[in-house]
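Report on the structure given below.
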Amino acid sequence: MIVGIDLGTTTSLVAAIKDGKPTLILNERGKTITPSVVGFSETGELLVGEAAKNQAIAHPDRTVSSIKRIMGTNQRVTLGGKEYTPQEVSALILAKLKRDAEGYFGQPVSEAVITVPAYFTDAQRQATKDAGEIAGFKVERIINEPTAAALAYGFQHKEETKTILVYDFGGGTFDVSIIKMVEGAFKVLASSGNNRLGGDDFDQVVADYLHEQFKETEGVDLKNIEDEKMRLSIGQRINEAAEKAKIDLSTLLETNVNIPFLYSEGDEPKHLDVTITRAEFEEMTEHLIEATRKPVEEAFESSGLDNAGIEIVILVGGTTRMPTVKRFVTDLLDREPLTEIHPEECVAIGAAVQAGVKVGQLDDLVVVDVAPYTLGIEVIDDRFSPIIYANTAIPCSQKRRYVTTSDYQTEANIHVLQGNHKRSSRNTSLGEFVLTGITPKPKGEAVVEVIFDYDVNGIVNVTARDRDSGAKKNIIIKQSKERMGLDEKEDARDMVSNVTFAPSSGMSETGDVQMVEDDTISVTASKEQEGKSSAQIEAEFYLNDARDFLTDKGDNIPSQMKTQIEDTVKQLENAINANDEEKIDKLSDTLLMQLSDADIAT
Ligand SMILES: Nc1ncnc2c1ncn2[C@@H]1O[C@H](COP(=O)(O)OP(=O)(O)OP(=O)(O)O)[C@@H](O)[C@H]1O
Ligand SMILES: [Mg+2]
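In structure tokens:
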């Protein structure tokens with residue numbers, strides 16, 4: 001059987017379709033919410049959830065929380081003297097949810113849909129999928145948390161046509177998505193967010209304040225106690241008190257934080273006793289709420305909508321329980337958020353709905369999500385050449401052609417990056433490999449095709465191919481062993497066999513792939529690409545290149561060359577209008593060559 005899982009930074013939930021309806025599964029303590037905390041007891045027993053959370057103060061060195069914050073990185077955590085990767089720790093949480101679901105249904109649960117923040121990168125998604133597999137699940141789908149929230153709403157309102165904004169402020173991440181729902185079909189128009197902004201940050205601000213207050217009244221800096229275990233334990237007590245104070249202040253105007261016997265100097269016990277008002281708290285944390293404004297504006301910009309275009313606002317995540325957050329969202333969007341959606345439960349419910357659709361338990365919902373980041377490759381002079389733009393509907397596949405920059409070059413380095421900057425060095429590297437076996441030709445004549453395939457989970461497969469020889473290489477973009485902290489040697493070897501690093505020896509020459517593309521084309525949102533064929537989208541890359549080239553450098557090349565380019569541009573525009581695929585393809589090629597020659601001539 002299949003379940004939907006909301007694997008959260010602070011809490012996790014699991015749900016499944018029961019009697020035709022998405023239902024939250026109770027854990028062995030009879031609760032729907034399981035803390036995302038893992039630990040080992042003194043006797044070495046594995047603890048997950050409530051039990052692990054309960055020992056966090058006594059044994060901070062044997063307890064791990066908020067692991068989601070480092071998913072997709074090479075960081076490791078030490079638990080009871082042993083090192084674990086973030087995906088291994090997450091797998092322990094997922095395995096516990098799996099056992100709970102099996103206990104609840106009395107049958108094996110082998111498949112899962114797992115949610116991730118919409119703004120999770122490729123590496124973070126891959127790490128989450130790996131975690132699911134380590135836990136023994138077949139991961140049927142990775143879906144975005146805001147999309148899941150919209151599904152939870154849509155399941156109840158299948159007949160409606162509405163534009164929804166989901167504002168998801170959880171324990172560790174902030175996400176915003178704008179989703180169009182048309183009678184059970186969901187299309188994500190835009191997503192944005194911040195993967196390192198959440199309730200944990202509010203706790204931190206309050207904890208820092210408590211430390212300061214203690215230092216002022218007692219003269220002891222608790223962050224600098226020498227005994228590490230004691231320091232961690234006191235830090236944990238203060239963090240928990242800070243979170244509790246924060247939650248109290250969502251309903252109270254004032255709260256007292258009282259931790260007796262927090263520390264002792266000699267025989268003299270010292271207590272923490274601080275009163276915080278809601279006004280003080282709101283002032284301390286205002287910047288954190290303000291930080292959500294930009295992603296919302298970005299989502300508006302890439303969807304081409306504004307406030308007026310939004311019909312429903314859904315609040316997701318525990319942090320949206322704060323009155324200031326509600327006020328902020330209401331002001332920002334000029335609309336009261338919906339109250340019928342449960343902010344902590346809706347993501348798991350939506351994941352269960354998606355799971356139900358996947359196995360045919362539910363049949364009338366369709367979801368189209370988008371790529372959260374722009375992806376492309378590095379080309380000559382540190383320029384970045386985008387191939388798939390942020391907010392393009394997925395799954396999708398996009399091809400671009402490039403030409404060589406050195407005479408008789410037989411290898412090309414394909415460096416895959418994510419980001420919006422014109423300079424490759426300012427974007428995030430996802431991986432690189434060398435395409436070998438390029439047919440030796442004068443520079444600018446050998447054509448390399450680079451193809452990006454984005455799957456429904458938001459995971460990317462990159463292929464590069466020499467058009468003449470057919471020589472081909474491809475990688476699934478996964479972080480390298482070092483960066484990801486994967487244990488399996490197989491994986492690392494896989495990468496290495498695909499990646500031969502330049503410079504090479506012998507006769508072959510390695511060069512960059514030349515970009516005949518300009519940097520200034522604005523982001524083509526999925527909206528603009530809708531209904532166009534892949535060849536048309538590709539041709540538009542070159543048309544943009546050509547127009548910009550003519551504007552920037554048109555006067556520096558022989559006039560005959562310029563006329564030829566102008567002529568090809570016209571023909572290509574006509575071919576696009578006429579929908580003539582074959583002609584589009586041929587003319588794209590001609591234009592690419594002409595631009596390459598022109599580039600060399602300048
Ligand atoms: N009443 C409340 N007022 C303020 N904050 C709250 C309240 N209830 C819960 N929170 C905070 O909400 C956060 C947890 O929210 P949630 O369970 O939605 O996050 P998550 O799913 O674990 O995280 P993420 O989605 O970022 O991975 C915690 O930081 C918690 O302190
Ligand atoms: Mg969440």
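If you use the numbering used here, the sequence shown closes out at 602, no skipped numbers anywhere.
In this text, a Cβ means the ideal position worked out from N, Cα and C, and glycines have one as well.
If one requires a minimum length of 4 residues, no alpha helix (DSSP H) run lies completely within the region 355 to 441. Inclusion of residue 318 in the 6 Å shell around ligand 1 follows from its C-beta lying nearer than that to a non-hydrogen atom of the ligand. Collapsing the DSSP output to three states places residue 563 in a helix.
DSSP, reduced to helix, strand and coil, places residue 71 outside both helices and strands of the structure shown, so it counts as coil. For secondary structure counted as the beta strand (DSSP E) over 3 or more consecutive residues, the region 74 to 132 holds these complete runs in sequence order: 77 to 79, 82 to 84, 111 to 116. In this structure, DSSP gives residue 255 an extended state, which the three-state scheme calls strand. Secondary structure at residue 290: helix, using DSSP grouped into helix, strand and coil. Around the CB of residue 442, fewer than 16 other CB atoms lie within 10 Å, so the residue is classed as exposed. Shown in chain order are the residues whose CB sits closer than 5 Å to a heavy atom of ligand 2: 8, 170.
Here the C-alpha atom of residue 413 lies approximately 7 Å from the C-alpha atom of residue 432. Distances taken from the Cβ of residue 121 to the heavy atoms of ligand 1 include none shorter than 6 Å. In summary, residue 168 is buried, with 16 or more beta-carbon neighbours lying within 10 Å of its beta-carbon over all protein chains present. Following the DSSP letters along the chain, one finds residue 20 in no beta strand (DSSP E), marked with neither H nor E. In this structure, DSSP gives residue 455 a state outside helix and strand, which the three-state scheme calls coil. Secondary structure note for residue 534: its alpha helix (DSSP H) is the uninterrupted segment 534 to 553. Residue 118 sits close to residue 193, with the two beta carbons spaced by under 7 Å. Residue side-chain check: residue 247 places its Cβ nearer than 6 Å to a non-hydrogen atom of ligand 1. One alpha carbon belongs to residue 428, the other to residue 252, and they sit about 43 Å apart. In this structure the region 120 to 139 does not touch the region 47 to 54; the number of beta carbon pairs closer than 8 Å is below three. Cβ atoms of residue 368 and residue 393 come within 8 Å of each other, at about 5 Å. Assigned with DSSP and collapsed to three states, residue 271 falls in strand. Cβ contact annotation for residue 595 (same chain, cutoff 8 Å, sequence separation greater than five): 516, 542, 545, 546, 549, 565, in chain order. Checking the 6 Å criterion, the Cβ of residue 31 is out of range of every heavy atom belonging to ligand 1. Residue 101 holds the alpha-carbon nearest to the alpha-carbon of residue 31 among 57, 70, 101. Between the alpha carbons of residue 25 and residue 105 lies a distance of about 9 Å.
Remark: the C-beta of residue 66 is outside contact range of ligand 1, defined as less than 6 Å to any heavy atom. Around the beta carbon of residue 338, fewer than 16 other beta carbons sit within 10 angstroms, so the residue counts as exposed.
Shown here, residue 277 sits in a strand according to DSSP, grouped into three states. For residue 239, the uninterrupted alpha helix (DSSP H) segment begins and ends at 228 to 248.
Taken from the Cβ of residue 250, at least one heavy atom of ligand 1 lies inside 6 Å. Scanning the region 2 to 68 from its first residue to its last, the whole beta strand (DSSP E) runs of 3-plus residues come out as 2 to 7, 11 to 18, 21 to 24, 37 to 40, 46 to 48, 63 to 65.
Residue environment: residue 466 is assigned as buried (16 or more neighbouring CB atoms within 10 Å of its CB, all protein chains considered). DSSP places residue 141 inside the beta strand (DSSP E), whose first and last residues are 138 to 144. When the alpha-carbon of residue 57 is set against those of 95, 239, 19, 139, the nearest one is in 239. For residue 161, the pairing in a beta bridge is given by DSSP as 182. In this structure, the alpha-carbon of residue 310 lies about 16 Å from that of residue 293.
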